[in-house]
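Chains as they are written, first to last, in this note's numbering: chain D, 2 to 246; chain E, 2 to 246. Even glycine gets a Cβ: it sits at the ideal position worked out from N, Cα and C. Take a look at the structure below.
Protein chains: 2
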Amino acid sequence: MQDLPPNPLLAHLPDPSELSETERDYLDMIAAAPLLTLGARRDLLRDGETLRTCHVIVQGWACRYKTLEDGRRQITAFVLPGDLCDLYPPLLAEMDHSLATITAIRYIELPRDRVEQLVVAPAIGRALWRDMLVTMAIQREWTVSIGQRDALERLAHMLCELFFRLRAAGLVRDDRCEFPLTQTDLAEATGMTPVHVNRMVQELRSRGLIYWKGRVLEMLDLPGLCRAGLFNPTYLHQSADPRLA
Amino acid sequence: MQDLPPNPLLAHLPDPSELSETERDYLDMIAAAPLLTLGARRDLLRDGETLRTCHVIVQGWACRYKTLEDGRRQITAFVLPGDLCDLYPPLLAEMDHSLATITAIRYIELPRDRVEQLVVAPAIGRALWRDMLVTMAIQREWTVSIGQRDALERLAHMLCELFFRLRAAGLVRDDRCEFPLTQTDLAEATGMTPVHVNRMVQELRSRGLIYWKGRVLEMLDLPGLCRAGLFNPTYLHQSADPRLA
DNA sequence: CATCTCGCTTAACCTGGGTGAACGCTAGCA
DNA sequence: TGCTAGCGTTCACCCAGGTTAAGCGAGATG
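Structure, rendered in structure tokens:
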């Protein structure tokens, strides 16, 4: 593990100087919350659970998924290092999906009423809204992908999305990033079979678009991959992000 | 058109007595906003537009959609009468999808800064958050449907979802509702072709699950349709809704 | 050092749903 | 009262991607 990045909750907020004193107090309390740990490939939250606390994943990869009665499983979102994640669900009565780790993670727990405060704090609330709207846009784009793009486009699009999000989180150097997903994960996220994901990975490799070995993914031709996936990054609304050089 | 329901923004909020005076003032101003009209099958907002106002659809059906460069089109959500709809997008810089009417609609426009106030008003903000989380849950469920359910299940699931939402909005009587979607709409929403939607509609009819003619849809066997679609309504988080008898 | 497991890879075969095209019904509309 | 347009319906054909199964390499475990 690398050194710990600052709490992602903070990274998503405006400059502290724009916050009221009350808001700064909230954040101080959050910064003081103890860091918890969970190993790779475990459930953090299960469908049907009732929650009294909220989670913020500080480090590591996770995913949301739903399982049908007969066992079919669909990953509906990837939660990347630095993403806010389970801040909101406890505002509803009951989990309607599960959340599992991909890698080991570090996270904090916040009591529910603290989140309710954050959500309606002026500057913090607005920032959380903006974050939520981007998450929503990503979810819409998955719908478009699975509904309209063919297998190759879908895989290319998914890799582009993850890459752009990782880059915005400062986790890309020289077009390379750590990439802990398995082909089976990608299959469950894109609605195809692991076998077919493999075929498409081969195809992207043979076209010279990506290098992927072990846990390292490198974009050999990012514009080409974007074209192959009909990927247009505007839905990520990253333009204003200062971390993009 | 039937008589006008109250502004859906109000329907989604807690009892007015729980609101502060400031919040009640906000709502009064909203109630006073003039009602605008737009005909069926028109774009209300287009991908790429920059917005300075927000919209609340008071009456009628609409949908969100995205179009790929080569014309493939995916409907990503249906906005039903009474749903909040475009309250939030203007918090982001630019539309990343389009919004089109299905039927003629009535709507109001709110200036952007008014929405920013609403969103962080204590009681109103919390209610809007809850609404947003349900919308998000629906979007996740679409991902699951398109990713994992087969054509028949997908169609059945979509009909169940729309039916439950319409029922919560008070638009169902005796298991019947007005249903202005075409089979092509359903095709664009479920990621299949109109031809195949038609085959699946025939199948649901021949199993005695639905009656659908003109603009009327009737559930002849709702439990059966739920089973056919592997539909579990918990993700709609309707249990607490007082309008469900 | 042997064994086990997990993830990746390849191959042969099959099917759900796409494609393209034609036809018919109903509802405006001139 | 005939024309046009949109929507639903049906058919014949075909392919993208699913299915099943087997082999392989690398890291984990005893």
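Spatial neighbours of residue i within its chain, please: CB distance less than 6 Å, with the 5 preceding and 5 following residues excluded, ordered by chain position.
i: glutamate 95/E; result: Thr51
i: cysteine 55/E; result: Asp87, Leu88, Pro91, Leu111, Val116
i: leucine 20/D; result: Ala124
i: aspartate 48/D; result: Met96, His98, Ser99
i: arginine 155/E; result: Ser146, Thr191
i: cysteine 178/E; result: Leu167, Leu172, Leu218
i: leucine 134/D; result: none
i: leucine 37/E; result: Tyr108
i: alanine 105/D; result: Gly40, Ala41, Gly61
So what does residue i bridge to, in DSSP terms?
i: cysteine 55/D; result: Leu111/D
i: phenylalanine 79/D; result: Cys64/D
i: isoleucine 106/D; result: Leu39/D
i: arginine 74/E; result: Thr68/E
i: methionine 220/E; result: Ile211/E
i: arginine 174/E; result: Arg177/E
i: leucine 100/D; result: Leu46/D, Arg65/D
i: aspartate 87/D; result: His56/D
i: glutamate 95/E; result: Thr51/E
For residue i, which residues of its own chain have a beta-carbon under 7 Å away from its beta-carbon, when the five flanking residues on both sides are left out?
i: proline 15/D; result: Ala124, Ala128
i: alanine 152/D; result: Met193, His197, Met201
i: leucine 11/E; result: Leu28
i: glutamate 204/D; result: Leu153
i: glutamine 118/D; result: Tyr27
i: leucine 85/D; result: Pro9, Leu10, His13, Val57, Asp132
i: lysine 214/D; result: none
Alpha carbon to alpha carbon, how far is residue i from residue j?
i: aspartate 26/D; j: leucine 187/E; result: 49 Å
i: proline 181/E; j: glutamine 140/E; result: 21 Å
i: leucine 245/D; j: glutamine 239/D; result: Residue confidence for leucine 245/D is low, a pLDDT of 44 falling below 50, so the modelled location carries little weight; the figure read from the coordinates is stated next. The straight-line gap from Cα to Cα measures roughly 8 Å.
i: glycine 83/D; j: tryptophan 143/D; result: 20 Å
i: aspartate 97/D; j: arginine 65/D; result: 10 Å
i: leucine 93/D; j: arginine 131/E; result: 7 Å
i: leucine 221/E; j: alanine 157/D; result: 43 Å
i: arginine 53/E; j: alanine 101/E; result: 18 Å
i: methionine 2/D; j: isoleucine 103/D; result: In this prediction, methionine 2/D scores a pLDDT of 41, lower than 50, which makes its location untrustworthy; the coordinate-derived value is nonetheless stated afterwards. When rounded, the distance between both Cα atoms is 14 Å.
i: leucine 81/E; j: arginine 206/D; result: 44 Å
i: tryptophan 62/D; j: serine 18/E; result: 43 Å
i: phenylalanine 165/E; j: glutamate 219/D; result: 46 Å
i: proline 9/E; j: phenylalanine 79/E; result: 15 Å
i: glycine 72/E; j: isoleucine 31/E; result: 38 Å
i: valine 59/E; j: glycine 40/E; result: 14 Å
i: threonine 23/D; j: isoleucine 109/D; result: 21 Å
i: threonine 68/E; j: arginine 150/D; result: 11 Å
i: leucine 210/D; j: leucine 223/D; result: 7 Å
i: arginine 107/E; j: aspartate 175/D; result: 51 Å
i: glycine 148/E; j: alanine 33/E; result: 43 Å
i: aspartate 44/E; j: asparagine 233/D; result: 21 Å
i: tyrosine 212/E; j: arginine 74/E; result: 28 Å
i: leucine 46/D; j: arginine 208/D; result: 39 Å
i: glycine 225/E; j: alanine 122/E; result: 43 Å
i: glycine 126/D; j: valine 120/E; result: 8 Å
i: glutamate 70/E; j: glutamate 70/D; result: 37 Å
Leaving out five residues before and five after residue i in sequence, what residues of the same chain have Cβ atoms less than 8 Å from its Cβ?
i: threonine 235/D; result: none
i: isoleucine 76/E; result: Cys64, Arg65, Tyr66, Asp186, Glu189, Ala190
i: arginine 42/D; result: Ala101, Thr102, Ile103
i: glutamine 184/E; result: Pro195, Val198, Asn199, Val202
i: aspartate 242/E; result: Per-residue confidence for aspartate 242/E stands at a pLDDT of 49, beneath the threshold of 50, marking its modelled position as unreliable; no derived number is given.
i: arginine 216/D; result: Glu179, Phe180, Pro181
i: leucine 237/E; result: Val135, Ala138, Ile139, Glu162, Phe165, Arg166, Ala169
i: proline 35/D; result: Ile109
**Message:** By the 8 Å beta-carbon criterion, what residues does the stretch 196-215 of chain E contribute toward chain D?
**Reply:** none
**Item:** the stretch 223-233 of chain E in contact with the stretch 159-173 of chain E per 3-pair CB rule at 8 Å
**Value:** These segments touch.
**Request:** May I ask you to list, following chain order, the residues of the stretch 119-138 of chain D that have a beta carbon less than 8 Å from some beta carbon of chain E?
**Result:** Residues passing the 8 Å Cβ filter: Val120, Val121, Ala122, Pro123, Gly126, Arg127, Trp130, Arg131, Met133, Leu134, Val135, Thr136, Met137, Ala138.
**Residues, ordered as in the chain, of the stretch 71-84 of chain E that lie near chain D by beta-carbon distance below 7 Å** = Taking 7 Å as the upper bound on Cβ-Cβ separation, chain D lies near residues Arg73, Gln75, Thr77 of the stretch 71-84 of chain E.
**Request:** Output, in sequence order along the chain, the residues in the stretch 155-167 of chain D whose CB is closer than 8 Å to any CB in chain E.
**Result:** none
**Item:** chain D contacts from the stretch 89-108 of chain E (Cβ-Cβ distance under 8 Å)
**Value:** Tyr89, Pro90, Leu92, Leu93, Ala94, Glu95, Asp97, His98
**Asked** Which of the residues in the stretch 21-41 of chain D, read from start to end, lie with their CB under 9 Å from any CB of chain E?
**Response** So nothing in the stretch comes that close.
**Message:** For the stretch 221-244 of chain D, list every residue whose C-beta sits within 8 Å of some C-beta in chain E, in sequence order.
**Reply:** Under the 8 Å Cβ criterion, the stretch 221-244 of chain D contributes Leu231, Thr235, Tyr236, His238, Ser240, Ala241.
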